[in-house]
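Structure, as structure tokens:
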Amino acid sequence: DAKTTQPTSMDCAEGRAANLPCNHSTISGNEYVYWYRQIHSQGPQYIIHGLKNNETNEMASLIITEDRKSSTLILPHATLRDTAVYYCIVRVDSGGSNYKLTFGKGTLLTVNP
Amino acid sequence: DGGITQSPKYLFRKEGQNVTLSCEQNLNHDAMYWYRQDPGQGLRLIYYSQIVNDFQKGDIAEGYSVSREKKESFPLTVTSAQKNPTAFYLCASSSYDRPNQPQHFGDGTRLSIL
Numbered sequence: 054d055a056k057t058t059q060p061t062s063m064d065c066a067e068g069r070a071a072n073l074p075c076n077h078s079t080i081s082g083n084e085y086v087y088w089y090r091q092i093h094s095q096g097p098q099y100i101i102h103g104l105k106n107n108e109t110n111e112m113a114s115l116i117i118t119e120d121r122k123s124s125t126l127i128l129p130h131a132t133l134r135d136t137a138v139y140y141c142i143v144r145v146d147s148g149g150s151n152y153k154l155t156f157g158k159g160t161l162l163t164v165n166p
Numbered sequence: 041d042g043g044i045t046q047s048p049k050y051l052f053r054k055e056g057q058n059v060t061l062s063c064e065q066n067l068n069h070d071a072m073y074w075y076r077q078d079p080g081q082g083l084r085l086i087y088y089s090q091i092v093n094d095f096q097k098g099d100i101a102e103g104y105s106v107s108r109e110k111k112e113s114f115p116l117t118v119t120s121a122q123k124n125p126t127a128f129y130l131c132a133s134s135s136y137d138r139p140n141q142p143q144h145f146g147d148g149t150r151l152s153i154l
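Those protein sequences? They're chains F and G, same order as listed. Note that the first sequence covers residues 54 to 166 in our numbering. Note that the second sequence covers residues 41 to 154 in our numbering.
Right under this line is the structure:
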């Protein structure tokens with residue numbers, strides 16, 4: 054699976070949009086981009102994933118560049134409860150070999166009042 | 041509500057003792073996974089199972105054992121052979137019906153050595 058690069062930490066004001074970048078310059082054509090977050094002492098929570106097109110759900114939006122070498126997770130109106138470590142992961146669709154997620158160190162997002 | 045339940049939340053092990061961590065899911069997922077997380081680190085895969093009565097080693101299987109007798113359950117045993125068992129253990133599951141379905145996680149078990 055392709056390696057990802059994320060900033061170590063970011064700050065965001067409550068109520069503002071949080072934009073979390075991820076670089077995956079070695080991504081291959083059949084690799085999906087996944088985002089998870091982990092609040093301290095809890096299990097990772099799935100947020101969103103995509104291949105080429107931008108995606109949106111009730112939690113966030115995922116913007117993937119046309120060359121697919123980077124992506125941005127957008128939390129449109131950050132709240133204090135969004136403070137967490139955010140992980141960007143790329144994983145190949147192995148046609149059923151749905152196994153390992155490789156978590157890096159992620160980005161610690163701190164939402165400030 | 042559907043989800044993944046891990047128990048206990050905290051567990052203490054004595055030297056030379058085997059302990060078993062429970063993981064149950066009611067999501068009707070085929071695949072289940074065990075990960076280990078050390079402080080400040082990412083997750084590392086211990087074992088995974090794609091179907092009942094079958095499982096495969098992950099990256100750090102030594103000192104651990106699993107079973108998959110039921111679709112809903114995937115218990116992990118930390119044996120005395122695991123010399124550094126103190127960690128946060130996470131169980132996950134995913135559907136096999138469609139590709140690229142995300143893995144969903146339980147809230148973890150924190151294991152410490154007495």
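Heads up, the beta-carbon is just placed ideally off N, CA and C, and yes, glycines get one too.
contact_flag[the segment 131–138 of chain F, the segment 107–124 of chain G] where n(CB pairs < 8 Å) is 3 or more = no
ask   = Could you give the distance in angstroms between the alpha-carbon of Thr155/F and the alpha-carbon of His144/G?
value = 14 Å
ask   = Does DSSP put Leu133/F in a helix, in a strand, or in coil?
value = helix
key: Residue environment, Gly66/F, which counts as buried when at least 16 other CB atoms sit within 10 Å   = The residue asked about is misnamed: residue 66/F is Ala in this sequence, not Gly. The residue is exposed, with fewer than 16 neighbouring Cβ atoms inside 10 Å.
query = Got a sec? Which residues, its chain only, sit under 8 Å from Met63/F by beta carbon, not counting five neighbours each side?
reply = Ala71, Leu73, Thr160, Leu161, Leu162 and Thr163
ask   = Secondary structure at Arg108/G, three-state DSSP: helix, strand or coil?
value = coil
message = Less than 9 Å between the C-beta atoms of Gly103/F and Ile80/F, yes or no?
response = no
ask   = Cβ of Ile44/G within 9 Å of Cβ of Gln57/G?
value = no
query = Does DSSP put Lys105/F in a helix, in a strand, or in coil?
reply = coil
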